[in-house]
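Novice: In the numbering used here, the protein residues as written are 24 to 446. Can you keep this structure in mind? I'll have questions shortly.
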Amino acid sequence: MLQIQRIRQQPEAIIEGLKKRGIDATQTVNDLIDLDAQRRGIRHQMEEKQARSNALAKEIGQLFKSGKGSEANELKAETGALKQDIKALNEELQGLEEKEHNLILTLPNVPHESVPAGKDEKDNEEVSRKGEIPTLHEGAKPHWDLASDYNLIDFELGVKISGAGFPVYVNHGARLQRAMINFFLDENRAAGYTEYQPPHFVNAASGYGTGQLPDKEGQMYEMPLDGLYAIPTAEVPITNIFRDEIVKAADFPIKSTGYTPCFRREAGSYGKDVRGLNRLHQFDKVEIVSITDPESSYALLDEMVAHVASLLDKLELPYRILRLCGGDAGFTSALTYDFEVYSAAQERWLEVSSVSNFETFQANRLKLRYRDENGKTQLCHTLNGSAMALPRVLAALLENHQTPEGIKIPEALVSYTGFDIIK
RNA sequence: GGAGAGAUGGCAGAGUGGUCGAAUGCACUGGUCUUGAAAACCAGCGUACCGAGAGGUACCGGGGGUUCGAAUCCCUCUCUCUCCGCCA
């Protein structure tokens, strides 16, 4: 959520910035400025009457105490009128506040200056590319065939137990999955991230804090009986650890990591992209979340990007890094880098990580602040990224590392898996 | 699932109609003292919004009500804790 103060102070910059998302926010911004001016005017009126009313109440109290009951009763007349006025003004104020709030929620984050304008993935900007795209042997297969040939993942069994999009990992597949989780967590911890094991269900306040609610409840599994939502990403519980907190600037950067399964309804996305591990209702992901001050957040973003890159290097997977254009970046993001690995048998790039700086957009909702050198509270900058999303990494790993002898495990993972080839 | 208790500032914990944004203790910050540290003493120390400032307003779990006036009384919702039962 953008800050109203920022909209008030630099409306042109916001309108200009949002154009990169293909949005013309002129009307909304102008309406917000109007609403805000009205709201503050009404509030001022109300507060003056409240001040008067408070003063009268004190006076009346004094008069009663000193036995001047009749004088006190005279003052009550004025107080009664004030009370009605205050009530009316308050209703008006609440109406304006609600309108303003609902309107401000419709504005996405303003893209960082480096974000290219554009409307979809075709306008994303490739910033780097690393690793060799392997030449596969004759008869190489996509991962869904490998998964069944080597008995690694049973998709049909998942359908039986739960439904499509809930695969069952078996034997070496299950062990490989567990190995990767441990590998990623260890690497993150070594890079200075504090490890958390957060809840997998969250309440509405948490969903609201990170921006899944309102409006996007359709993407989450909901348990209405208990008012809980299955997390679509560990970002939700981990970031909400810091909701309503004033953190110490001395602790910056605050770096957290955690593994969780992620649950996504993916309503309406049935079709071409859902084959195999490409899109699931339940999948595993290790997440990194960082909190810092506005001055250092972009340096921290670069650090997170470099860290994620190092993970893919160690897994010996070819990847490219994209700077997302305005139209393709998430609603809450100011700048997002996507990591895509090349899955050699499918011959396509798969998104395996998305690293973003939200600046104050999330912190504003979360009420996540720190105290600056003057002792004033300021909103933090929040960042997060996947490190990593497992299924697509697994897909690329199976496809790229397949040989006629079997599937080779990257060196870095062998101490975690306990085997170096799947036959 | 049954029964009960409670929700107050970073924490602990007072406060049952007026001068309470809220005692006190701890923690924290600054200072005095000390060679240094500790102790002791002094001072400061919630958040948000409006305002150039002085200052004003709101907030004692959320919402509503009574009253000239509510942390305090009433209604309602939510949550937490304790005991019993069940259970990993």
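Every residue gets a Cβ at the ideal spot worked out from N, C-alpha and C, and that includes glycine.
Kindly indicate which three-state DSSP category F275 falls into: helix, strand or coil?
Specialist: Translated into positions along the first sequence, residue 275 becomes position 252. Reduced to three states, the DSSP call for F275 is coil.
Novice: Taking the beta strand (DSSP E) that Y173 falls in, what are its first and last residues?
Specialist: By one-based count along the first sequence, residue 173 stands at place 150. It is not in any beta strand (DSSP E) - Y173 carries neither H nor E in the DSSP assignment.
Novice: Where does R346 sit, in a helix, a strand or coil, going by DSSP?
Specialist: On the first sequence, residue 346 is found 323 positions in, with the first residue counted as 1. R346: strand per DSSP, three-state reduction.
Novice: Count the other CB atoms, across all protein chains shown, that sit within 10 Å of the CB of R212; report buried if there are 16 or more and exposed otherwise.
Specialist: Walking along the first sequence from the start, residue 212 turns up at place 189. It is exposed - the Cβ of R212 has fewer than 16 other Cβ atoms within 10 Å.
Novice: Give me the Cβ distance between Y360 and V312, rounded to the nearest whole Å; I'm assuming they're in contact under 8 angstroms.
Specialist: Here residue 360 corresponds to residue number 337 of the first sequence, with the count starting at 1. Here residue 312 corresponds to residue number 289 of the first sequence, with the count starting at 1. At roughly 16 angstroms, the Cβ-Cβ gap does not stay under 8 angstroms, so Y360 and V312 are not in contact.
Novice: Going by DSSP, what residue range makes up the alpha helix (DSSP H) through N423?
Specialist: By one-based count along the first sequence, residue 423 stands at place 400. L413 to N423 is the extent of the alpha helix (DSSP H) around N423.
Novice: Are the beta-carbon atoms of S409 and K271 separated by less than 8 angstroms?
Specialist: Taking the first residue of the first sequence as position 1, residue 409 is located at position 386. Taking the first residue of the first sequence as position 1, residue 271 is located at position 248. Cβ atoms of S409 and K271: not closer than 8 angstroms.
Novice: Hey, I269 and T400 are a contact pair by Cβ (cut 8 angstroms); roughly how many whole angstroms apart?
Specialist: Along the first sequence, one-based indexing puts residue 269 at 246. Along the first sequence, one-based indexing puts residue 400 at 377. About 6 angstroms; that satisfies the 8 angstroms criterion.
Novice: I want to know whether the segment 145-156 touches the segment 347-366 - three or more CB-CB distances under 8 angstroms.
Specialist: These segments touch.
Novice: In angstroms with no decimal places, state the Cα-to-Cα distance between E382 and L79.
Specialist: As a first step, residue 382 must be located in the first sequence, where it is residue number 359. As a first step, residue 79 must be located in the first sequence, where it is residue number 56. If I take the Cα positions, the gap works out to 46 angstroms.
Novice: Check S409 in the structure and name its three-state DSSP category.
Specialist: Stepping through the first sequence from its first residue, residue 409 is reached at position 386. S409: strand per DSSP, three-state reduction.
Novice: For N397, does the three-state DSSP call read helix, strand or coil?
Specialist: Taking the first sequence and counting its residues from 1, one reaches residue 397 at position 374. If DSSP states are grouped into helix, strand and coil, N397 belongs with coil.
Novice: Could you tell me which of Q220, E155 and N53 sits nearest to H424, measuring between CA atoms?
Specialist: The count along the first sequence starts at 1 and reaches residue 424 at position 401. Selected option, being the one with the closest Cα: E155.
Novice: Residue range of the alpha helix (DSSP H) that R66 falls in?
Specialist: Here residue 66 refers to the residue found at position 43 of the first sequence. Element bounds for R66: T49 to K88.
Novice: Please tell me whether G188 and L338 are closer than 8 angstroms, where the distance is taken between their beta carbons.
Specialist: If you number the first sequence from 1, residue 188 lands on position 165. If you number the first sequence from 1, residue 338 lands on position 315. Not a contact, by the Cβ cut-off of 8 angstroms.
Novice: Let me know the alpha helix (DSSP H) ranges lying completely inside the segment 92-141, each 4 residues or longer, listed in chain order.
Specialist: Runs of the alpha helix (DSSP H) inside the segment 92-141: 92-127.
Novice: Using the Cα positions of P255 and C285, report the straight-line distance between them to the nearest angstrom.
Specialist: For the purposes of this step, residue 255 is taken as residue 232 along the first sequence, with counting starting at 1. For the purposes of this step, residue 285 is taken as residue 262 along the first sequence, with counting starting at 1. Roughly 5 angstroms between the two C-alpha positions.
Novice: If L112 sits next to Q68, beta carbons under 8 angstroms apart, how far is it from one beta carbon to the other, in whole angstroms?
Specialist: Here the question's residue 112 lines up with position 89 in the first sequence. Here the question's residue 68 lines up with position 45 in the first sequence. Right, the Cβ-Cβ distance comes to about 6 angstroms (below 8 angstroms), so this counts as a contact.
Novice: Going by DSSP, what residue range makes up the beta strand (DSSP E) through Q305?
Specialist: Counted from its first residue, the first sequence places residue 305 at position 282. Here the beta strand (DSSP E) through Q305 covers Q305 to T315.
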